[in-house]
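These notes are about the structure you will find just below.
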Amino acid sequence: MIRLERLSKAYTEGTVRRPVLVGASAEVKEGEWVALLGPSGSGKTTLLNLVGGLDVPDEGVVMVGDRCISALPERERSLYRRTVVGFIFQFLNLLPTLTVRENLLLPTELGGLDPGEAERRCARLLERVGLADRADSFPDVLSGGERQRVAVARALVHEPPLILADEPTGNLDARTGGEVLDLMEELLRESGKTLIIVTHSERVASRADRVLVLDGGVLREREGHGSAS
Amino acid sequence: MIPLRWLALVRDYRRHPWLPLLSVLGVALGVAVVVALDLAIESARGSLRDSTVAVAGRATHQVTGVSGALDERVYARLRVEAGLRQSTPVVEGFVRTGRIPGRPLRLLGVDPIAEATFRSFLAGAGDGGGDGGGAGPGMLVPGEPTVVLPASLAVASGIRVGDTIEVTGPTGSGRVVVTGTFAPAERLAREGTHDLVLADLSVAQALLDRVGRLDRIDLILPEGAEGDRAVEAARALLPPDARIRTAGARTRELLGMTRAFELNLTALSLLALVFGIFLIYNAVTFSVVRRRERIGMLRALGVTRGEILRGLLAEAGLVGVAGSALGLVLGVAMGRGLVRLVTRTVNDLYTFVQVDGLSVDPGVLAKGVALGLVATQVAAIGPALEAARGPVTGTLRRSALEARTRGRVFTAGVAGVALGLLGAAVFRVGPSGAAAGFLGLALVMGAIALVTPLAAVGCTRLLSPVAGRVAGVTGRMAARGVVRSLSRTGPALAALVVAVSVTVGLGAMISSFRHTVERWLDHTLQADVYVSAAGLGVARIPDPLRPELVERVRSLPGVEAASTYRGLDFEGPWGPMRLVALDLAPPGEAAFRFTSGAAADIFREFRSVDAVLVSEPFTTRTGIGPGSEISLPTPVGERTFRVAATYFDYGSDRGVIMMDRKAYDRYWEDDRVTSVGLFAAAGEDSEVLAERVRALDEAEGASVRSNRALREVSLAVFDRTFTVTGVLRLLAFVVAFIGILGALMAIELERSQEFGLLRATGLTPRELWRLVLGETGLMGLMAGLLAVPAGALLAAVMVFVINKRSFGWTLDLRLEPEIVVQSLLLAMAGALLAGIYPAHRIANAEAASVLRDE
């Protein structure tokens, strides 16, 4: 269970303070898929960063299970990301200096997984995402769709319970984006992962169990889906 | 196996391997310069120390004359009246032999009977027949012209036991028979005696023109109260101008003479290391900035701050290890060249020492490695902390970084001004030693580094319209690029300005010094012809001239007047310095420039009463100046002299006390003369007069130089003594050049994607060349321009603070135009060269591949 309580966050640009979140609250159940919609600059990525422990709110609380993420010191938040969260970004997903296989192995290495088991998981996931033959390629020779498939595999390889995706298909064409979403659905649903996905796309949102809309710094549940405050 | 989190960062270098290579080279050069100079200095010091210690042998105390040799009757008195049985007389000087050309030999005249107690290496002396010894100093036959040589010297020169060799001393030659060789078992004794020739006392006295006189008396005294009593008993018997002190004190005093020179060299060598640190700082900052997205991604994946910090420091550590290792190899190689330069300077300025080769001290190597490793960590800690401490989202955002950097530029500028003021405060109110001077210099350099980014922003505003007019849009873009990427250009420019300004400062310091010495020589060398005994370099006062030569040259036709000069190494209350007795002809008065007072009054006082003139380094060292009274030990007891004036002198940093010859004659029983300055009569050509002197029989072996020749020789000596500084400046130049090249090339390569985008939007390859070279050229120009005032400031500090405190000299500050041009060329050449590779790479590649690669 993820609980966001009255989250506020503002950025300072020069002398101007620009609020992004103003008391946003929501709950996400275990295994639930939640889409986060909202116009550009509405604070979707900021909210995702707060859940992922990449940033801390000015006010409010982020609870993941029984842990208050927003109160954790930096090191604890790093360890939280390492074990609990899998990230899929729109850009900057893969480390360009590591091969596909090494990109996948990195989270397992950070998590201290047995190397043999890590290799097996890596091979299995690459097989599942259809890139077994590209294991030793560097990211710069992959297509956009292939890179996102690797990113999906990397987000899952250390088996985190929570996946945070920031417009994972935002820079892909409709067909490739659809394929990536199918892949995510297939892999995430079967393992019961919780997903929070930031998107502009109604098509992507339609795959979620619930849709939360971020507007004016607050979260509201879109009609026809579960509760939000 | 390297953990993937580090592989992700380190593999970046596979694409640009020269980035770490330049860092390694920077550290290597920094370490190499420090190691090379340390080894060279240590070799020269070691040689001086070994020879002094080896020759002192087991002596615990030494009796010496305050102003030259002792009467040999003092020895008899000490032995008989004070009962100091463990005592031995010594004369020491330099001779030459045609069998070993070009190499002076140290002749030690000893008492063969008393000797074995004092110098243990003689116990191994043998007859060369291969049995290795037993005969000892007994190989010297008392009163007979016999000598004993080091076995190594005999082998190297092909001299065999039984050979007769011709030996030339300061006033004549003699033939001596080689009756044995010695080979000390101990390494120190072996190294300290490699040029030592032993002879019976009377033989050495004759060869060294010391008949009836001794250079010192070596004593072995018991420790504790008994020893103290013996010292007191000896002291009671000594003439007023003799003194007794421990053998260690004499060695320390001798080594202390070169301390200021060594401190300056060490400080200069550390400058090269500072450049190295700047280079590494720049490289690490850049590597962090360049990889900020990767670092951000690793942080997002759960890599902790501590792990990022450790990784970046470990990376710098690897650079440190590789750079230090390479630095040691380069350092030893460079040290072999530098030891000759350092030894030559020590010989020119201080004392005669012969160094056979570079002695590679493991301690120096360890210090070099430690410096390299610590320097890299010091340089890396700031940027590494910054990378580790930054928020994950901030690490991912370039704009945040640039905004933060711009915000800090003004603060850094203010901090720089504060640091500069602190440096000024250190000069004005801090300790007066040279070390405090160097601390102030370091603060000023730090201030220059901190102020540079702010100055660069100002410079860009001024240069931007000009760049626009000259090169259109690309010119304006180039100017904007410098300020827009301050996170990268700021540290690079700071490093460049400091590096270039130090080369400007050093260049200006050397030229100021040379100019001052030239002017000083112009007015100091008033006589037309100078006659002295041929000596062993400028540092040693030549042996006295034959009295008959002095008389002959005075009365030569064409000589209108003559000044005589008697110089003595004087061990006064302020340490070793020079005492000069001057019989100054009136035309010679123009040779003096005083710090204060009217020359006519000063010379009246100098000639009429017991007054002395002191050199500026003496006043700086002791604080004793015009109007003070000083007490000097003379052969007839302590006498008080009034200091009539302080005169400018650049001949010796040890200090000179000069008195009128009449005053000297009142207290010293010494009518000898070290050199004579002849003033030619009107219409007499000085070269002709010099030839006339050379033609005299009595002038055989003497050095006769015209005014012009002596001026040239003096300037040649000056240039020689500054060769080491010049070499260090050159090395600093090279390090700075590599720094400029590396930093700017890295900056431009990092912007490849941006340039690819510009290509994609229609920038032609030619325009791209203009843009890249414009940007690097502008940075080079700015670095060069900013380095000129910064370098002038550093030069002022070196001239007015460092030199004054180290050597006591007042110099005229002079910034030659060619030094300014050199610095601008250095900066511009490095900068333009740095732009060539990125411009070529991006201009010749397809825009799409650039975008994809980066």
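Heads up: the sequence lines are chains A and B, in that order.
Using the working numbering, read the first sequence as starting at 1 and increasing by one per residue.
Using the working numbering, read the second sequence as starting at 230 and increasing by one per residue.
Heads up, the beta-carbon is just placed ideally off N, CA and C, and yes, glycines get one too.
Beta-carbon contacts of residue 237 of chain B that lie in its chain and below 7 Å, excluding the five residues immediately before and after: 523, 527
Distance between residue 42 of chain A and residue 203 of chain A (C-alpha atoms, nearest Å): 20 Å
Sequence-distant residues of its chain with Cβ nearer than 8 Å to residue 471 of chain B (five each side left out): 292, 293, 294, 295, 299, 303
Contact residues within the segment 523-550 of chain B, judged by C-beta distance below 9 Å to chain A: 523, 525, 526, 527, 528, 529, 530, 531, 532, 533, 534, 535, 536
Proximity test, Cβ basis, 8 Å: residue 74 of chain A and chain B: yes
Check whether residue 997 of chain B and residue 1060 of chain B have beta carbons under 8 Å apart: no
Chain-ordered neighbours of residue 30 of chain A on chain B, where CB pairs are closer than 7 Å: Near residue 30 of chain A there are no residues of chain B at all, since even the closest Cβ is about 21 Å away, more than 7 Å.
Where the alpha helix (DSSP H) containing residue 893 of chain B begins and where it ends: 890-896
Members of the segment 52-77 of chain A that neighbour chain B once the beta carbon cut-off is set at 8 Å: 52, 54, 55, 74, 75
Integer-rounded CB distance, given that residue 545 of chain B should sit under 8 Å from residue 595 of chain B: Residue 595 of chain B to residue 545 of chain B, Cβ: 20 Å. No contact.
Residue 252 of chain A at chain B interface by Cβ criterion, 8 Å: Since the first residue of chain A shown is 1 and the last is 229, residue 252 of chain A is not available in this structure.
Among A/155, A/130, A/177, nearest to residue 144 of chain A - alpha-carbon criterion: A/177
Residue 612 of chain B at chain A interface by Cβ criterion, 8 Å: no
N- and C-terminal bounds of the beta strand (DSSP E) containing residue 933 of chain B: 931-935
Within 8 Å, strictly: CB atoms of residue 213 of chain A and residue 38 of chain A: yes
Stretch pair the segment 725-743 of chain B + the segment 1012-1028 of chain B: three plus CB contacts closer than 8 Å: yes
Supposed close pair residue 972 of chain B, residue 721 of chain B - CB separation, criterion 8 Å: 4 Å
Contact set between residue 107 of chain A and chain B, taken where Cβ atoms lie within less than 8 Å: 530, 531
Alpha-carbon to alpha-carbon, residue 1001 of chain B and residue 1067 of chain B: 8 Å
Residue-level contact to chain B via CB, residue 212 of chain A, 8 Å cutoff: no
C-alpha gap between residue 711 of chain B and residue 1004 of chain B, whole angstroms: 7 Å
Cutoff 8 Å; reference residue 80 of chain A; Cβ partners in own chain excluding five residues on either side: 53, 64, 67, 69, 72
CA-to-CA distance, residue 568 of chain B to residue 272 of chain B, given in whole angstroms: 7 Å
Neighbouring residues, chain D, relative to residue 236 of chain B (Cβ below 8 Å): Among the protein chains in the structure shown, which are A and B, there is no chain D.
Residues that residue 9 of chain A bridges to, as DSSP identifies them: A/21
Exposure label - residue 751 of chain B; buried when at least 16 CB within 10 Å: exposed
Start-end ranges of the alpha helix (DSSP H) lying completely within the segment 372-450 of chain B, minimum 4 residues: 380-386, 416-421, 430-436
Min CB distance residue 249 of chain B to chain A below 8 Å: no
Residues that residue 233 of chain B contacts on chain A, provided the C-beta gap is smaller than 7 Å: 98, 102, 105, 106, 109
Segment contact flag, the segment 931-940 of chain B with the segment 755-764 of chain B, C-beta cutoff 8 Å, min 3 pairs: yes
Local Cβ density within 10 Å of residue 449 of chain B, reported as buried at 16 or more and exposed below that: buried
7 Å CB neighbourhood of residue 689 of chain B in its chain, flanking five on each side removed: 708, 711, 712
Coil, strand or helix - residue 214 of chain B by DSSP: The structure shown does not extend to residue 214 of chain B, since chain B is modelled only from 230 to 1083, so the question has no answer here.
Enclosing alpha helix (DSSP H) for residue 1018 of chain B [first to last residue]: 994-1026
Neighbourhood of residue 160 of chain A by C-beta, 7 Å cutoff - its chain only, sequence neighbours within 5 removed: 83, 84, 85, 86
Own chain residues within Cβ distance below 8 Å of residue 807 of chain B, not counting five before or after: 770, 796, 797, 798, 799, 881, 883, 884, 885, 886
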